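Notes follow once the structure below has been shown.
In the working numbering, the protein residues as written are 267 to 1160.
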């Protein structure tokens, strides 16, 4: 037994010795230095790259968001330097070990108060010497490096490296840590730091964050939030820097994990709680709020920053403490007191008594100016009570300044908003701080329960108009994609639409950065949004920062207005006359079968749900013969008649005897408003109705041989009525009672997609109908029953045919559309043009007659979501194609 114990002890001792030996041998190749002890202690932020493999990630084609960013000079330089670093680590003669898990630290430091310089530090093996650097640089000369030189500083060699990009890098080695950066002074600072006994790790905030952070992310960002305002101000001009003074002492050290994905650059993490008064502690005194401001903000804005204020008075109290900490409280209170005394208004109380959870500063791009403008938006507890206060405030201010006034804004005759001009400058700079000092004049309005402040009457009215049309952020595709990355509740939320950002950069950007942006604006053709959010996780403030790339998204068309429907549509919009104003309005049906009436301002007057999809044209009739118009149309099982208020006329809807096989047709034989409605059904019958919805007495047509799949047509020649339709094998030409008026001779089938057209309307003996057969031959049907066939070329059975005068010579031309080919022949059969649209066209062409010699053809490609307008010579009209996927209407509202 004792022997077994002895043997076991010897084996264990040997194992321990071997393990210790391996550790000793391995550790003898390492320096054991901590790169963080080399970083100067004034760092504004530190990035830890968790493995040199990050260079491969950034170079990957899959990382599209990074590839986009490298189009800008700043990121191109970073990318190039990472590539050099990657080459260094992949040099097997320098490093025999696998350094793919090596950590790299990149720190940012202020230089001269107006710039930021970067320092890169990381451990190297003990075998790596200054001679190793010299050998590596020599090998890279004439590749990425044009030349290099060496000098001594405090016993260490500093290498000055001129890159082929004309940038200069400086490298050195101190205590087993390789140092390099773009500033020789910063490299010298790092060499001096390596000799000190105190470092960043002795900063309680930084040490707490880095000690608590794992290494399972691509990278980590450690940032001193007390310097964030100053840091961001380096990107802007003096005006921007002044605004950011409000962000002094934002918080303490924070850590954000960096995740680089194909279409997303994402940073998230916690911030250290501090007992000192700072802006972050002021913000986080509230509970995070579910922001709803996106429901009123226009979809066209470029940026906003919104604050959740669940307890506005507590937040305001903390804000005063924060100002006191900065030494700004006395000036703030003096300015506010002077303004209150001058106008006899307690502005502090006015805003605090009305604010309800949300406050936002918004930037919008203006079409006619380079710099854009702002909105301040505040959610109120009661929009109606706030409106009363604003009216009273405007009247009171007007006693001291007659420029104060209340104006109205009415996008149409039934909607009215008040806009109050209150010329107090700088009202919000004094009440809320420098960050909100953006208005030279203030125009107040109330939208829903939100107070909106704009810099002009025009801006205020545009905000209102967007809300009326529901053209808001919450209904915007780009914003909805952005919102998928944020939590439901926020302390603060920032949004930036990079496609709308040019005016923002013009107004606030630093000159050299602005030039870089303008020269590389195409970089952001695919990179759509950036944003940040401060929320709460486990009782601590939690940060999200992200840059979102959404691929090849087609630019938005420039429209006068857009109205939001419940869903998509595949219905051609119809212009209808408002019998009161004589202006055109739009009738539409969406893909959920909702129908809408939209006025000339784009406002939806009403909508309601139909049981089925409309299958006919929309006719306006004067049912009561009193000048008031109603809308008549059919669906598969009903005939509908609706007044302009969206209500059914008595007896409607009328249920059909059988399912319709085509849409209804409406005839008024003698222009007496005694309308007749015809509709073919699945029992092969054609039904005739009076306008009251009852069957027409005396209509005697029994039934067709087959289903009739196109609407019934009516023609009149020499006071004779011809009711015309066809099934797949026969054409029927009847009189008003449904008796045969013409018996068509010859054997032909009408093409399924097309109708009949009347040629020569003067005399029955010379008139004839024009249509096509499935082969695309022209068929002429004379009223004596004879037929004539004219062949131009072969078409498929699915072709579309129209018979209109496209070349303005007074004679109708033959218009064919077959798949993607548009071909037009004149009345004599000569080809006018043949156009390959290059995209599939599956809906009939639409003919537009603008003036005597201005006729065009409209086409739509559902697959490519493009609409085309074709000139009468076959060319595509200027500025087309436009975005769209339905047949379109062209007309005037007035």
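Virtual Cβ for every residue (Gly too), placed ideally from N, Cα, C. Source: prediction; values computed, not measured.
Please look up how many angstroms separate the CB atoms of residue 314 and residue 368, rounded, as I've assumed it's under 8 angstroms. 11 angstroms between Cβ atoms; not a contact.
Whole-angstrom distance between residue 676 and residue 699, CA atom to CA atom: 33 angstroms
Whole-number beta carbon distance between residue 921 and residue 904, since they are thought to touch under 8 angstroms: 6 angstroms
What alpha helix (DSSP H) runs, 4 residues minimum, are completely inside the segment 443–499? 450–459, 470–477 and 494–499
In the structure shown, what three-state DSSP assignment does residue 765 receive? helix
Inter-stretch contact (C-beta, 8 angstroms, three-pair minimum) for the segment 561–578 and the segment 586–602: no
Can you tell me where the beta strand (DSSP E) with residue 1037 in it begins and where it stops? 1034–1038
Beta strand (DSSP E) runs wholly inside the segment 837–874, at least 3 long, in chain order: 840–843, 850–855 and 860–864
Since residue 224 contacts residue 739 with CB under 8 angstroms, what's their CB separation in whole angstroms? No answer is possible for residue 224: it lies beyond the span of the chain, which begins at 267 and ends at 1160.
Mind reading off the beta-carbon distance from residue 990 to residue 1035? Whole number of angstroms is fine, and I expect it under 8 angstroms. 7 angstroms
Give the secondary structure of residue 418 by DSSP, where H, G and I count as helix, E and B as strand, and everything else as coil. strand
Three-state secondary structure (DSSP) at residue 1061? coil
Exposure label - residue 624; buried when at least 16 CB within 10 Å: buried
Going by C-alpha distance, which of 605, 860, 433 and 1033 is nearest residue 414? 433
Should residue 638 go down as buried or exposed, given a rule of 16 or more other Cβ atoms within 10 Å for buried? buried
What residue does the beta strand (DSSP E) around residue 682 start on, and which one ends it? 681–688
With a Cβ-Cβ cutoff of 8 angstroms, do residue 649 and residue 735 count as a contact? no
Thinking C-alpha only, which one of 716, 630, 689 and 598 is nearest residue 621? 716
Looking at the structure shown, is residue 1212 part of a helix, part of a strand, or coil, going by DSSP? Absent from the structure is residue 1212, since the part of the chain shown begins at 267 and ends at 1160.
Selected residue, minimal CA-CA separation from residue 1031, among 1017, 750, 1008 and 795: 1008
DSSP puts residue 1103 in a beta bridge; with which residues? Beta-bridge pairing links residue 1103 to no other residue.
Please state whether DSSP places residue 889 in a helix, a strand or coil. coil
Taking the DSSP output, what are the residues bridged to residue 646? 621
Is the CB-CB distance between residue 1014 and residue 1045 below 8 angstroms? yes
Measure the alpha-carbon distance for residue 631 versus residue 766 and round it to whole angstroms. 6 angstroms
In the structure shown, what three-state DSSP assignment does residue 914 receive? strand
Buried or exposed by the 16-neighbour rule on C-beta atoms within 10 Å, applied to residue 578: buried
Cβ separation of residue 442 and residue 386, assumed to be a contact under 8 angstroms, to the nearest whole Å: The Cβ separation is near 15 angstroms, so there is no contact.
Exposed or buried, what is residue 874 when buried is set at 16 or more other beta-carbons lying within 10 Å of its beta-carbon? exposed
Beta-carbon separation (whole angstroms), residue 1117 vs residue 1063, contact threshold 8 angstroms: That belief does not hold up - the Cβ atoms of residue 1117 and residue 1063 are roughly 35 angstroms apart, past 8 angstroms.
Please determine if the segment 851–866 and the segment 802–813 are in contact, where contact requires at least 3 C-beta pairs separated by less than 8 angstroms. no
Can you give me the C-alpha to C-alpha distance between residue 1088 and residue 750, rounded to a whole angstrom? 43 angstroms
For residue 746, which three-state DSSP category applies? helix
Nearest-angstrom Cα distance between residue 288 and residue 391? Confidence in residue 288 is poor, its pLDDT being 31 and thus under 50, which makes the residue's placement unreliable; the coordinate value appears in the next sentence. Going by the C-alpha atoms only, they are around 16 angstroms apart.
Does the separation of the CB atoms of residue 557 and residue 801 fall below 8 angstroms? no
Inter-stretch contact (C-beta, 8 angstroms, three-pair minimum) for the segment 400–407 and the segment 463–470: no
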